[in-house]
Amino acid sequence: MAAAAGTTKISWRLQEFEAHASRVCCASLGKSTGRLLASGGEDCKVNIWSVSKANCIMSLCGHKKAVEVVHFSASEEQLATGSQSGSILVWDLEAAKMLRTLPGHKSSITSFGFHPFGDFLVSGSTDTNIKMWDLRRKGPIYRYKGHTAAVRSVAFSPDGKWLASAGDDCTVKLWDLKQAKTITEFTAHTATVAAIKFHPNEYLLASGGADGWVRLWDLEKFCQVGALQDTAAVRCVTFSADGSCLFSGHADVLRVCAWEPERWLDAVTVGWGPLADLALCNQQLMGVSHQLSGVSTYVVDLKHVKRSADAAGADDEAAPAPPADAKLRRSYQRPSQGLKRSAEAERRSPEGERRSASEDEADEKVSSAEIHNAQDYREIFQPRNAISRTPPRMPEPFRAPPQDEPPVNNSPLFLHQQPGSPLVTRIQRVEPTVMACVTRPAAGQPLPAPPAAGPPFPAPPASEPAPPPPQIFPVGRHEPSGLNVADFLSGRRGVILSENEVLNHIRNGHKTMCVVLANRHKNLQSVRDVWGRHGIKSALDAAVAMDDLSIVVDVLNIINVQPSLWKLDVCASSLPQIDKLLQSKYESYMQCGCTSLKIIMKYFWPLIWDMLRAGPSVGVDVTREERQQKCRVCCKQLQNINNVVKSKAAQVGRHGCAFGELRMLLAQLDQHL
1 MAAAAGTTKI SWRLQEFEAH ASRVCCASLG KSTGRLLASG GEDCKVNIWS VSKANCIMSL
61 CGHKKAVEVV HFSASEEQLA TGSQSGSILV WDLEAAKMLR TLPGHKSSIT SFGFHPFGDF
121 LVSGSTDTNI KMWDLRRKGP IYRYKGHTAA VRSVAFSPDG KWLASAGDDC TVKLWDLKQA
181 KTITEFTAHT ATVAAIKFHP NEYLLASGGA DGWVRLWDLE KFCQVGALQD TAAVRCVTFS
241 ADGSCLFSGH ADVLRVCAWE PERWLDAVTV GWGPLADLAL CNQQLMGVSH QLSGVSTYVV
301 DLKHVKRSAD AAGADDEAAP APPADAKLRR SYQRPSQGLK RSAEAERRSP EGERRSASED
361 EADEKVSSAE IHNAQDYREI FQPRNAISRT PPRMPEPFRA PPQDEPPVNN SPLFLHQQPG
421 SPLVTRIQRV EPTVMACVTR PAAGQPLPAP PAAGPPFPAP PASEPAPPPP QIFPVGRHEP
481 SGLNVADFLS GRRGVILSEN EVLNHIRNGH KTMCVVLANR HKNLQSVRDV WGRHGIKSAL
541 DAAVAMDDLS IVVDVLNIIN VQPSLWKLDV CASSLPQIDK LLQSKYESYM QCGCTSLKII
601 MKYFWPLIWD MLRAGPSVGV DVTREERQQK CRVCCKQLQN INNVVKSKAA QVGRHGCAFG
661 ELRMLLAQLD QHL
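Numbering (our numbering), first residue to last: 1 to 673.
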């Protein structure tokens, strides 16, 4: 019975591992096989992984600031990476070298797209510009201007003739590639549009936004043909292989929708949280998410997901069927060759954005590819010398874990593991056993192929200084890697400590941390007991009385997941704490405060404003007077928070973007007060 139960599992967490030494900023899956994963972080590195394997295949080092976006080409042979500074690097993964350095944008890169039939790349940025690059040149060949806020997503049509873009200005734009002009603009979304996707065959475009709406647009009539709303923001969208349905990734749910008429076909609970990317492979949908320094991969078995009106059951029987004489939507005509550049486009390339040869050489010297796992690298990237007479074998689907296997309980406070929920595995920290640096050869000299027996790699030409020898760490080493014992010792200089003294010093620090964590666990248990007896308001007051922001953050993170838990008195109690969280130096505290403030402004500000401008009541209404008093308290706290947000909205980077969104929400206070 256990084996039978295991075969019916629909979704599960495949893997969770620590991907970078610092916070992970982005992650992307290869769309061709769904088995290749790239991650970028604040350590300025891009790591390449094989899905379901814990060892890093390759590290790409070249950026000087945090890597904000990574994107594979359709063949998974090239990778584009963009940093917070606006620089763009394009990598040849088969040759393990940097293919091109592009001048990029004036601010952070947000999205990439490879042209389906040519050596062209399109990039979007927070500077509101979209640029198209010829990978054989330095400067951009086209520049698309029209967005008034950051561009969050770009995509080429399957025939390579159109470009779609979307961003923080709540619009979706369709561009003519060669004319660099807007064909049409869709403005139905009311919040940031984070994901767009062309239908694989028909003239149809899907978009998903932070307002929770999934919208589908007819690209012949330039009209909306379907719209469905969910309570959570849409993070990713992708069509099924045959284009019969659309998969939309939300906070912890995968939804399947159809159009004409629009309807939800199915919903699968997946605990992926901040979803970063989706990919389809072998009747399975792969998802990847990242949080702090960890990356998680998820699998949804599409064999058990409803993807058509026939399989949707009785829920869709009432949906009207399309007319029998309905005309099929036009299909793309894919050209046999790539996009050609015109002489006018060559002249349009701005020389002012090109960098000098010395700057390019400096970037090439600091950019390198570190092969961490030579065996996986050769298996995935090394070209095959012999021509295969048979089609390549499809990768085997991932097996679902047994349904009755006891999962590891990593659920947050007050949330228990429910039957059928995704399997949670422990985070694995994997350190590479072999590291080698591949430098870019001089102009005109070919790059040597990866060796059959692994590193060390061939030495560079004699004109360049030889790189240091590769560092080899024995498997059975007894010393920790990456740790300096001196960091754990006291500041006494000139005193040689014995081994017992060193161990005692480390144990004392460990005991102190255990006491702190035990005290925090005790406080959380007390808050949980209060919640069970007296409700959320009393639990929040108890957390505030403990004078520990970490306890308040834990409670707010729980009620943020379910906006229905918020009440007016909860808002009045939490707003002073939100003010402290927004001014905290910890990013997790700031994110929690931003999320709570967005919920309050969305659901409670209209009520607060209506109560404040309402006239006096007739007679004595104690309940109404109490509500008005709470609204006055909330309004006063919101004004204080508004001043904090105004002072921080001018910051750059991720924090500046978050405070910029809050500034737009709080602009209602300036209009009404």
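Quick reminder that beta carbons are idealized off the backbone N, C-alpha and C, glycines included.
Legend entry - Boundaries (first-last residue) of the alpha helix (DSSP H) holding Leu517: Its alpha helix (DSSP H) spans residues 499–534.
Inset, instruction - With distances taken Cα to Cα, identify the nearest neighbour of Lys53 among Asp376, Val544, Arg520. - result: The shortest C-alpha separation from Lys53 is found at Asp376.
Inset, instruction - For the segment 69–83 and the segment 20–34, state whether three or more C-beta atom pairs, one from each stretch, are separated by less than 8 Å. - result: Touching, per the Cβ criterion.
Legend entry - Residue nearest to Leu292 in terms of C-alpha spacing, selected from Leu666, Ala21, Leu565: Among Leu666, Ala21, Leu565, the Cα nearest to that of Leu292 is on Ala21.
Legend entry - Inter-residue spacing [alpha-carbon to alpha-carbon] between Gly564 and Leu60: The residue asked about is misnamed: residue 564 is Ser in this sequence, not Gly. Their backbone Cα atoms lie some 45 Å apart in a straight line.
Inset, instruction - Count the other CB atoms, across all protein chains shown, that sit within 10 Å of the CB of Ala95; report buried if there are 16 or more and exposed otherwise. - result: A residue is called buried when at least 16 other Cβ atoms come within 10 angstroms of its Cβ; Ala95 meets this threshold and is buried.
Inset, instruction - Please confirm whether any heavy atom of the ligand GTP lies closer than 7 Å to the CB of Val299. - result: As for the ligand GTP, it is missing from this structure, which has no ligand bound.
Legend entry - Burial state of Cys223 (16 or more Cβ within 10 Å): So Cys223 ends up on the exposed side.
Legend entry - Cut-off 6 Å between Cβ atoms - residues of its own chain near Ala180, not counting five sequence neighbours on either side: Excluding positions up to five away in sequence, the list reads Tyr142, Tyr144.
Inset, instruction - Out of Pro158, Asp159, Arg152, point me to the one whose CA is closest to Lys173's CA. - result: Proximity to Lys173 across Pro158, Asp159, Arg152 peaks at Arg152, based on C-alpha coordinates.
Inset, instruction - Going by CA-CA distance only, name the one from Ile88, Ser125, Trp133, Ser240 that's closest to Glu202. - result: Ranking the options by Cα distance to Glu202, first place goes to Ser240.
Inset, instruction - Return the chain-ordered list of same chain residues with a C-beta closer than 7 Å to the C-beta of Gly86, the five sequence neighbours on each side being excluded. - result: Within the same chain, Gly86 has close Cβ partners Gly104, His105, Lys106, Ser107, Ser108, Ile109, Ser125.
Legend entry - Per DSSP, cross-strand counterpart(s) of Glu587: Within the DSSP bridge table, the entry for Glu587 names no partner.
Legend entry - Sub-8 Å separation of Ala676 and Asp168 beta-carbons: Since the first residue shown for the chain is 1 and the last is 673, residue 676 is missing from the structure and cannot be characterised.
Legend entry - Simplified DSSP state of Phe659, which is helix, strand or coil: Secondary structure of Phe659 (DSSP, three-state): helix.
Inset, instruction - State yes or no: is the beta carbon of Met98 nearer than 8 Å to at least one beta carbon in chain D? - result: This model lacks chain D altogether, as it is built from one protein chain only.
Legend entry - With 16 other Cβ atoms within 10 Å as the buried cut-off, status of Cys709: Given a span of 1 to 673 for the chain in the structure shown, any question on residue 709 remains unanswerable.
Inset, instruction - Give the C-beta separation of Val300 and Gln283 to the nearest angstrom, bearing in mind that I take them to be a contact with Cβ-Cβ under 8 Å. - result: Rounded, the Cβ-Cβ distance is 10 Å, inconsistent with contact.
Inset, instruction - Mark Lys197 as exposed unless 16 or more other C-beta atoms lie within 10 angstroms of its C-beta, in which case mark it buried. - result: With 16 or more neighbouring CB atoms inside 10 Å of its own CB, Lys197 falls in the buried class.
Inset, instruction - Please work out which residues of its chain come closer than 7 Å, Cβ to Cβ, to Leu556, disregarding the five sequence neighbours upstream and downstream, and give them in chain order. - result: Within the same chain, and ignoring the five residues on either side of Leu556 in sequence, the residues whose Cβ sits closer than 7 Å to its Cβ are Ser574, Cys592, Ser596.
Inset, instruction - Pick helix, strand or coil for Ser647, following the three-state DSSP scheme. - result: Three-state result, Ser647: helix.
Legend entry - Buried versus exposed call for Ser75 [16 or more other C-beta atoms within 10 Å across all chains shown]: In this structure Ser75 is exposed. Its beta-carbon is surrounded by fewer than 16 other beta-carbon atoms within 10 angstroms.
Inset, instruction - Taking all protein chains shown into account, decide if Thr8 is buried (16 or more other Cβ within 10 angstroms of its Cβ) or exposed. - result: Thr8 comes out exposed.
Legend entry - Sequence-distant residues of its chain with Cβ nearer than 6 Å to Arg624 (five each side left out): The beta carbon of Arg624 sits closer than 6 Å to the beta carbons of Ser617 from its chain, once the five residues preceding and following it are set aside; these are given in chain order.
Legend entry - Inter-residue CB distance, Ile608 and Cys594 (contact presumed, cutoff 8 Å): Rounded to whole angstroms, the Cβ separation of Ile608 and Cys594 is 19 Å, and the two are not in contact under 8 Å.
Legend entry - Beta-carbon proximity list for Glu68, same chain, < 8 Å, skipping 5 on both sides: These residues qualify, in order along the chain: Cys25, Cys26, Gly40, Gly82, Ser83, Gln84, Ser108, Ile109, Thr110.
Inset, instruction - Please go through the same chain and pick out, in chain order, the residues whose beta-carbon is closer than 8 Å to the beta-carbon of Trp566, but skip the five residues on each side of it. - result: Only Ile559, Ile599, Ile600, Tyr603, Phe604 meet the Cβ criterion.
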